[in-house]
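Quick notes on the structure that follows.
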Amino acid sequence: PPPAMAPSPPQRAAKGAAREEGSLGDLAAASGGASASADAGPPPPMASAPAMEPAARSVSERKREMAPRDEEAPMADPTPLGRRAAEKSDAKDKDASGEWAKPYRQQPPAQPVLDWGATVYLSNDDSMSLASAQRLLWAVDRGAGFSSGEVRPHELLNYFSFDTAPVAPGETFSVLGGAEQDGDTLSVALAVQGAMPPRQPLDLTLVIDRSGSMRAEGRMEYVRKGLVQMTDQLVPGDRVDLVLFDSAVCSPLQNFVVGRDDPSILTNEILRMQPRGSTDLDGGLREGYRIQTARDKGDRHNRNQRVLLLTDAMLNSGNVNEALVSEIGKRFDEDGIRVTGVGVGREFNDKMLNKITEKGKGAYVYLGSEAVVDRVFGAGFDSLVQTIAHDVQFSIDLPDSLAMEKFYGEESSTNAEDVQPINYYAGTSQLFLQDLKVKGGRVDPKAEIVFRAKFREATTGEPKESTFRTSVGALLEGDTHNLKKAQALMKWTDLLSERAMGDRSCGGLGDYRRAAAQVQGDAEIAYVSGLTGKLCGVDMSQTIAATGVKFKVKVDADMPIPEVQLACSGESWSNRLSGSDTVARFDNVYPGECRLTLQGNVPMVAAVTVPETGGDVRCMVRGGRMSCD
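Residue numbers are given in my numbering: position 252 of the sequence shown equals residue 252, and the series is strictly consecutive.
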């Protein structure tokens with residue numbers, strides 16, 4: 001046979017066309033057509049082909065019969081000849097100019113699509129969802145580890161206190177707002193306060209984990225102490241049931257009525273609890289559900305039906321499928337029974353409790369220290385067991401000149417069904433923090449912003465709506481303390497998130513300190529700053545300026561100094577020098593005592609003071625000695 005040959009230009013065009021069509025038949029036609037024209041000239045008419053070919057016929061003959069006629073299936077290049085010539089010419093020009101060799105230019109990142117003038121639905125989760133915030137503060141205080149999943153900014157906005165407006169008589173909520181503009185961003189803080197009406201009579205079923213794991217960390221001691229303290233918060237007419245679960249489930253006390261029965265009966269049952277066995281959480285919840293639903297509907301009318309689950313949620317007995325166990329939370333909600341979870345101990349199963357209370361539209365808190373015991377079962381008990389609004393959905397109506405750029409809560413969407421409704425607990429508050437994009441960078445002070453709360457009234461189930469109207473100008477004139485405090489807490493969560501993901505440099509410390517400096521005198525921020533000092537090994541007692549200053553270091557050395565480093569208030573900066581440029585310029589450093597390092601043959605360190613107004617310092621190096629003044 002003849003040697004293989006490179007395809008001729010027409011054959012290349014045919015193959016290209018076959019690839020464009022992506023058809024197996026076209027590919028065969030391209031191959032067969034080329035062979036036919038090369039081997040045997042024009043193909044015979046298709047009509048002369050027999051119904052079945054004898055097996056002895058040659059491959060060449062079969063190809064000739066399969067090859068299409070030119071007028072039926074021309075294998076033309078899909079690119080017009082004129083355009084192809086122009087493209088080749090353009091490619092040659094680019095190659096000659098060296099354009100192909102130019103470095104790749106990264107395209108700017110895609111900008112988010114902004115919904116101007118939209119209604120945005122917002123959620124910070126249930127107002128008593130505090131467990132992650134409580135556990136996170138405990139971990140930072142004791143130097144324990146924490147995961148990025150435990151850093152939940154919205155729970156910190158629920159946990160810490162903010163200034164709020166009084167709730168008007170007969171109303172369910174109040175809203176207090178404040179805002180500040182920075183360029184084309186308008187940051188807005190809206191503090192929502194819930195009413196604290198007289199508590200309904202309580203049907204309280206305590207579902208308590210007494211499994212062997214409750215021995216660890218003093219968990220059972222916390223539970224016993226908390227429940228004994230809780231008995232002082234009960235009022236005449238409240239009914240209490242006690243369900244205990246380990247490998248088995250029992251109900252040693254049902255229908256205990258406060259004011260009718262001897263208080264020691266309840267107290268003695270609480271003190272008698274001892275850890276044993278494994279954890280059948282599913283069985284305990286089902287028994288609690290049975291007790292609550294066994295009462296006649298008339299007997300439950302106008303009463304607050306509540307299940308209080310106290311557990312470390314370490315499932316290892318009975319039904320251990322977390323997804324299935326959590327489904328019972330939905331049954332509670334459907335029957336109007338509210339579930340509140342108390343996660344006991346440092347290592348409780350956060351995911352399990354979150355699933356149960358989310359399905360039951362409840363909340364859960366953390367029980368792991370003496371201080372938390374008092375907060376949960378002391379003054380905070382009424383808030384823990386009483387909701388004032390169910391299926392709450394908050395929303396904000398923005399004018400055409402504003403769009404949501406970032407919401408710092410748990411969920412936000414322009415679609416109401418994408419944001420899960422919550423239950424709102426009596427006497428609690430939430431801070432809604434958002435950054436709004438300003439169209440054209442200029443705000444309209446008269447533009448109206450409307451904040452709404454749609455919900456079902458807790459005692460009657462009737463649908464209600466609360467509407468709060470304000471203007472951009474009024475928000476800008478409002479007190480910004482809440483805004484500044486919330487922004488400082490968000491900077492703190494940035495720092496904690498970096499730590500949780502393995503970055504131990506405390507790179508976000510400077511941002512947090514600048515934000516915290518704007519709310520001096522706030523005791524809670526001072527507490528957070530103290531925790532931050534422990535975390536980063538920095539003295540946080542020194543107050544820093546909210547904004548940095550300019551500072552120059554003039555270097556006069558008898559050796560090469562390629563780099564100057566400056567460290568102030570836990571943050572550091574560096575500046576490269578050259579033989580012709582011996583001045584290091586720092587544009588945004590914190591005033592106060594700083595550490596200056598000149599990188600010579602070895603690092604040379606001196607203490608310098610950066611004035612409040614900025615300034616400069618001259619450092620001389622001679623024979624390995626350094627002096628800065």
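Think of the CB as a built atom: it goes at the ideal place given N, C-alpha and C, for glycine as much as any other residue.
Residue range of the beta strand (DSSP E) that ARG306 falls in?
-> 304 to 311
For TYR424, name the three-state secondary structure that DSSP assigns.
-> Residue state, collapsed to three classes: strand.
Look up THR172 in the DSSP assignment and give the residues it is bridged to.
-> DSSP, once it has assigned bridges, lists no residue as partnering THR172.
My understanding is that VAL325 touches GLU287, with C-beta atoms under 8 Å, so please give their C-beta distance in whole angstroms.
-> No, VAL325 and GLU287 are not in contact; Cβ-Cβ is about 13 Å, not under 8 Å.
Should ASN536 and LEU566 be called a contact, given that it needs their Cβ atoms to be closer than 8 Å?
-> Inspection of the sequence shows that residue 536 is occupied by Cys rather than by Asn. Inclusion of CYS536 and LEU566 in the CB contact set at 8 Å is not warranted, their separation being larger than that value.
Along the chain, which unbroken stretches of the beta strand (DSSP E) at least 3 residues long are found entirely within the stretch 136 to 204?
-> 173 to 182, 185 to 194
PRO611 to SER627, Cα distance in whole Å?
-> 18 Å
Which partner residues of SER242 appear in the DSSP bridge assignment?
-> A small fix is needed here, since residue 242 is Leu in this sequence, not Ser. Answer is LEU206, LEU253, bridged to LEU242.
Distance, GLU411 Cα to ALA118 Cα = Distance from the CA of ALA118 to the CA of GLU411, rounded to the nearest whole angstrom, comes to 16 Å.
Is the beta carbon of SER213 sitting closer than 8 Å to the one on THR279?
-> Yes, these two residues count as a Cβ contact at 8 Å.
Residue nearest to ASP640 in terms of C-alpha spacing, selected from VAL188, LEU596, PHE455, ILE449 = A query on residue 640 cannot be resolved here, the shown segment of the chain reaching from 1 to 629 and no further.
Output yes or no for whether 8 Å exceeds the beta carbon distance between GLN305 and ILE337.
-> yes
Give the single residue among ARG239, GLY226, GLY380, GLY149 whose Cα lies nearest to the Cα of ILE208.
-> The option with the nearest alpha carbon to ILE208 is GLY226.
Compute the Euclidean distance between the alpha carbons of MET540 and THR532, then round it to the nearest angstrom.
-> 8 Å
CA-CA distance, VAL240 and GLU571?
-> Straight-line Cα distance between these residues: approximately 55 Å.
In this structure, what does DSSP give as the bridge partners for THR467?
-> ARG452
Can we say the stretch 435 to 449 touches the stretch 144 to 158, given the rule of at least three CB pairs closer than 8 Å?
-> Under the three-pair Cβ rule at 8 Å, the stretch 435 to 449 does not count as touching the stretch 144 to 158.
Completely contained alpha helix (DSSP H) runs for the stretch 519 to 570, where each covers 4 or more residues = 523 to 536
LYS484 lies in the alpha helix (DSSP H); which residues open and close that run?
-> Segment 481 to 500, the alpha helix (DSSP H) holding LYS484.
Beta-carbon separation of GLY362 and ASP125 under 8 Å?
-> In this structure, ASP125 does not lie closer than 8 Å to GLY362 by Cβ.
Do you know how far the Cα of VAL555 is from the Cα of PHE586?
-> When rounded, the separation of the alpha-carbon atoms in PHE586 and VAL555 is 14 Å.
With burial defined as no fewer than 16 other Cβ atoms inside 10 Å of the residue's Cβ, what is the status of ALA29: buried or exposed?
-> With a pLDDT of only 38 at ALA29, under the threshold of 50, the placement of this residue in the model should not be trusted, and no figure is reported.
Assign HIS301 to buried or exposed, taking buried as 16 or more other Cβ atoms, counted over all protein chains shown, within 10 Å of its Cβ.
-> exposed
Since I believe LEU244 is in contact with ARG290 (beta carbons under 8 Å), could you give me their beta-carbon distance rounded to a whole number of angstroms?
-> Contact flag wrong, Cβ pair sits at about 14 Å.
Provide the residue span of the beta strand (DSSP E) that contains GLY615, from first to last.
-> 615 to 622
How would you write the range of the beta strand (DSSP E) that VAL608 sits in, first residue to last?
-> 603 to 610
Segment limits, beta strand (DSSP E) that includes THR459 = Run containing THR459: none; DSSP gives neither H nor E here.
By how many angstroms is the C-alpha of LEU402 removed from the C-alpha of ALA313?
-> 44 Å
For ALA323, is the classification buried or exposed, using 16 other Cβ atoms within 10 angstroms of its Cβ as the cut-off for buried?
-> exposed
Simplified DSSP state of PHE394, which is helix, strand or coil = strand
Apart from the five residues on each side of it in sequence, which residues of its chain come closer than 6 Å, Cβ to Cβ, to VAL175?
-> LEU190, VAL192, PHE451, PHE468
Could you have a look at ASN588 and say whether DSSP puts it in helix, strand or coil?
-> strand
Can you tell me whether DSSP reads ASP634 as helix, strand or coil?
-> The structure shown does not extend to residue 634, since the chain is modelled only from 1 to 629, so the question has no answer here.
Take TRP473 as the anchor and find which of SER497, THR460, LEU483, PRO445 has the nearest alpha-carbon.
-> One detail in the question is off: residue 473 reads as Gly in this sequence, not Trp. It is PRO445.
Minimum C-alpha distance to GLN274 - residue among THR597, THR340, GLY218, VAL235 | Ranking the options by Cα distance to GLN274, first place goes to GLY218.
Span of the alpha helix (DSSP H) around SER383 | In the DSSP annotation of this structure, the continuous segment of the alpha helix (DSSP H) that includes SER383 starts and ends at 381 to 385.
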